[in-house]
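Trainee: In our numbering, the protein residues as written are 8 to 229. Every residue, glycine too, gets a C-beta built ideally from N, C-alpha and C.
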Ligand code: C5P
């Protein structure tokens, strides 16, 4: 129907941070509340999509009608995303840890005798790049997010190409912009067509606008 143009479509959304264990009580994490990703999952559901939300640890309630899969690490997130495929739409909003400790300790590390100690890190898989890779299971539309600390839109243009996604939503996370954990966001939509800066608006409004564009792209409606 006109107000639910995504009925019959499947969507995958990643959201929140990942936690990469150092030992049983410590981890490396990214700064992410999950609000923007959860709002996108809710907006896609409102438009009729069958939504799977793969979420790192957050304190947010599951949006009504959305199937949520909880994960902690980047590798768990990738595995959960693979299990959710095939989908028509993938929106990768999660702040995935780029690295993880090479060999997490199975026992809590002691402060003594050696302080501080170096932490050896290894690169995590890039979930967005994996999902974007051409193949039979590639979603029709893959959307990534990119947190940039200032007017790094040129980087976002290159990042879209490097990751292989269709659209990249670049958001301004400069200290003065007050975005992390906030209810508002200021983004630019980077696509093959160019860079479209959106005004600052509530994260729910960013989600609704993005969902509308997604629906229009997929079904020429909404
Ligand atoms: O390269 P950067 O981390 O800025 O890219 C951000 C985008 O890539 C986001 O869409 C994020 O969800 C995704 N990403 C990912 N897996 C990673 C790193 C980033 O899916 N390991």
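So, do the stretch 142-155 and the stretch 107-120 have three or more beta carbon pairs nearer to each other than 8 Å?
Mentor: Touching, no, given that fewer than three Cβ pairs across the two stretches are closer than 8 Å.
Trainee: What did DSSP end up calling residue 130 once you bin it into helix, strand or coil?
Mentor: Strand at residue 130.
Trainee: Quick one: grab the DSSP three-state call for residue 18.
Mentor: In this structure, residue 18 counts as strand in the three-state DSSP scheme.
Trainee: Do residue 207 and residue 191 come within 7 Å of each other at the CB atom, strictly closer than that value?
Mentor: Taking 7 Å as the Cβ cut-off, residue 191 and residue 207 qualify as a contacting pair.
Trainee: For a test of the three-state rule: what should DSSP assign to residue 228, helix, strand or coil?
Mentor: Summary for residue 228: the model assigns pLDDT 47, below 50, so the residue's position carries little reliability; its value from the coordinates is reported in the next sentence. In this structure, residue 228 counts as coil in the three-state DSSP scheme.
Trainee: Figure out for me which residue from 220, 164, 160 and 146 has the closest Cα to the Cα of residue 47.
Mentor: Taking only the C-alpha atoms, the option nearest residue 47 is 220.
Trainee: Taking Cβ to Cβ, would you say residue 180 is nearer than 7 Å to residue 12?
Mentor: Not in contact: residue 180 and residue 12 (Cβ atoms no closer than 7 Å).
Trainee: Helix or strand or just coil, what does DSSP make of residue 60?
Mentor: Residue state, collapsed to three classes: strand.
Trainee: Take the Cβ of residue 142 as the centre, count every other Cβ of all protein chains shown within 10 Å, and call the residue buried at 16 or more, exposed below.
Mentor: Per the 10 Å Cβ criterion, exposed.
Trainee: Measure the alpha-carbon distance for residue 77 versus residue 61 and round it to whole angstroms.
Mentor: Residue 77 and residue 61: Cα-Cα distance of roughly 6 Å.
Trainee: How about the stretch 100-110 and the stretch 123-142: do they share at least three Cβ pairs that are nearer than 8 Å?
Mentor: The stretch 100-110 is in contact with the stretch 123-142.
Trainee: Answer yes or no: the CB of residue 135 versus the heavy atoms of the ligand C5P, is any distance below 6 Å?
Mentor: Correct: residue 135 has its Cβ closer than 6 Å to the ligand C5P.
Trainee: Between residue 204 and residue 176, what straight-line distance do the alpha-carbon atoms span, to the nearest angstrom?
Mentor: About 10 Å.
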